[in-house]
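The block underneath contains the structure these notes are about, expressed in structure tokens.
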Amino acid sequence: MRAVLLGGGLSLLISLLGTRVAITQFTRLGYGQEIRDDGPTSHHTKRGTPTMGGVVIIAATVVGYFAAKLITMSEPSASALLLLFLFVGMGLVGFLDDFIKISKQRSLGLRSKAKMVGQTVIAVVFGLLALSPWLEDDRGRTPASNHVSFIRDFTAFALPTVVVLALIWLIVTATSNAVNLTDGLDGLATGASVMVFGAYTLVNIWQNNQSCAISPGATCYEVRDPLDLAVVAAAITGACFGFLWWNASPAQIFMGDTGSLALGSALAGLAILTRTELLLIVLGGVFVVETLSVMLQVGWFRVSGGKRIFRMAPIHHHFEMLGWEQVTVVIRFWIVTGLCVAAGLGIFYAEWVAGI
2 MRAVLLGGGL SLLISLLGTR VAITQFTRLG YGQEIRDDGP TSHHTKRGTP TMGGVVIIAA
62 TVVGYFAAKL ITMSEPSASA LLLLFLFVGM GLVGFLDDFI KISKQRSLGL RSKAKMVGQT
122 VIAVVFGLLA LSPWLEDDRG RTPASNHVSF IRDFTAFALP TVVVLALIWL IVTATSNAVN
182 LTDGLDGLAT GASVMVFGAY TLVNIWQNNQ SCAISPGATC YEVRDPLDLA VVAAAITGAC
242 FGFLWWNASP AQIFMGDTGS LALGSALAGL AILTRTELLL IVLGGVFVVE TLSVMLQVGW
302 FRVSGGKRIF RMAPIHHHFE MLGWEQVTVV IRFWIVTGLC VAAGLGIFYA EWVAGI
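Going letter by letter, the sequence shown gives residues 2 to 357 in my numbering.
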């Protein structure tokens, strides 16, 4: 537990101070955000705001985690290192996207195919390592499993490895893109991420306390390294908290694709490594709704010959176009995220209680 508190606290401090430095340096270097011409006109005033702030979130998380492990004299686990690989690797894909936008002064960075290739490589490598027998612990548990999971593995059947890899790719790419779509208003994705990563910190702590290695029984959790995953989740939570201080409206810096892709992939990684893939749909309900709004908008536009369901997608822009103030949209979406997190944690705990 000391490592969890240290990881979160150190990441918060590093992010809070480091983001201030990043704002100054990125402004001096001209690393400003380009704004979509077809977006809400109120967003044009944000042109030139420093972006790529996700670099600070990633750095704060990594330094916070390893500093916590060093102070507590404990070794990093395979699960935590895998999660950090996914987090940093997807952040690198986002960094390339952001850098192209800045260097070429356009609102579009990597081509969609190039971005998908990068996401696919990172997701597949993560999946292969997470399922590898080389990373089994002394109880024979690999970081990920071949089962479909909600609160824990469904034990009725195991899927072929190739199918599981496809599912891991889908979860990672879908969740990273979902957070990327949500990152369209000051503090929206950052604040939502704080709550969901905070929830996963609690989930991992509970799974550690009720681990089959510690408390065997019908309701125990067969998860490898849950407490160390809690350290990473706490570190990301702290890093997002520190960044939110500067990213809240009016934002002095944006996380960019560097941050949103990294955060989305880390959420997916936590869901996979904790055997709660389907629970992520509840905990990250806002991210799901944002993605569905884009899919519905694009699908209906093509089917109907140019008609729209929403005034603009993702759905947070729809409410802006209805006349809602940006801060109002963000706070109400945070409230919805809080409700989703409360519902997800309630389901998680209720399932354990029902099994007693």
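Don't be surprised by glycine CBs; every beta carbon is placed ideally from N, CA and C.
Rounded to the nearest angstrom, what separates residue i and residue j at their Cα positions?
i: Ser361; j: Ala159; result: The requested residue 361 does not occur in the structure, where the chain is confined to residues 2 to 357.
i: Val354; j: Thr121; result: 38 angstroms
i: Leu17; j: Met196; result: 18 angstroms
i: Gly10; j: Ser150; result: 31 angstroms
i: Leu346; j: Ala200; result: 7 angstroms
i: Ala69; j: Gly8; result: 5 angstroms
i: Lys308; j: Phe302; result: 5 angstroms
i: Trp325; j: His318; result: 9 angstroms
i: Gln26; j: Val289; result: 34 angstroms
i: Tyr32; j: Thr220; result: 51 angstroms
i: His45; j: Cys213; result: Residue placement at His45 cannot be trusted, given a pLDDT of 46 that sits under 50; what the coordinates show is reported in the next sentence. In a straight line, the C-alpha of His45 is about 54 angstroms away from that of Cys213.
i: Val204; j: Met296; result: 30 angstroms
i: Asn181; j: Phe255; result: 12 angstroms
i: Ser294; j: Thr73; result: 45 angstroms
i: Phe67; j: Arg312; result: 46 angstroms
i: Phe127; j: Thr52; result: 27 angstroms
i: Val56; j: Thr162; result: 33 angstroms
i: Ala314; j: Gln298; result: 7 angstroms
i: Ala79; j: Gly19; result: 28 angstroms
i: Leu13; j: Ile273; result: 25 angstroms
i: Leu87; j: Asp229; result: 15 angstroms
i: Gln327; j: Leu132; result: 43 angstroms
i: Tyr222; j: Ala235; result: 20 angstroms
i: Phe155; j: Leu93; result: 34 angstroms
i: Tyr350; j: Thr338; result: 18 angstroms
Under a Cβ-count criterion, where at least 16 other Cβ atoms within 10 Å of its own Cβ denotes burial, should residue i be classed as buried or exposed?
i: Thr210; result: First, the residue type needs correcting, since residue 210 is Asn and not Thr in the sequence shown. By the neighbour-count rule (16 or more Cβ atoms within 10 Å), Asn210 is not buried but exposed.
i: Glu76; result: exposed
i: Asp139; result: exposed
i: Asp38; result: Because the pLDDT of Asp38 is 49, which lies under 50, any placement of that residue in the model is unreliable, and the number read from its coordinates should be weighed accordingly. Exposed is the call here.
i: Lys102; result: buried
i: Ala344; result: exposed
i: Thr329; result: exposed
i: Glu137; result: exposed
i: Leu340; result: exposed
i: Lys116; result: buried
i: Met2; result: exposed
i: Met322; result: exposed
i: Gly356; result: exposed
i: Ala4; result: buried
i: Leu111; result: buried
In the DSSP output, what is residue i paired with across the bridge?
i: Asp154; result: Ser150
i: Tyr222; result: Ser212
Would residue i pass as a contact of residue j if the rule is Cβ separation under 9 angstroms?
i: Val173; j: Ala269; result: yes
i: Phe183; j: Glu278; result: According to the sequence shown, residue 183 is Thr rather than Phe. Cβ distance not < 9 angstroms, so Thr183 and Glu278 don't count as in contact.
i: Gly65; j: Gly260; result: no
i: Ser177; j: Ala81; result: no
i: Thr143; j: Arg225; result: yes
i: Ile348; j: Leu280; result: yes
i: Ile123; j: Gly90; result: yes
i: Ser194; j: Ile237; result: yes
i: Ala252; j: Thr50; result: yes
Segments assigned alpha helix (DSSP H), at least 4 residues, entirely inside the segment 273-347 | 280-284, 286-305 and 316-322
Runs of alpha helix (DSSP H) wholly within the segment 65-137 (minimum 4 residues, chain order) = Every alpha helix (DSSP H) stretch that sits fully inside the segment 65-137 and reaches 4 residues is listed by chain position as 79-105 and 113-132.
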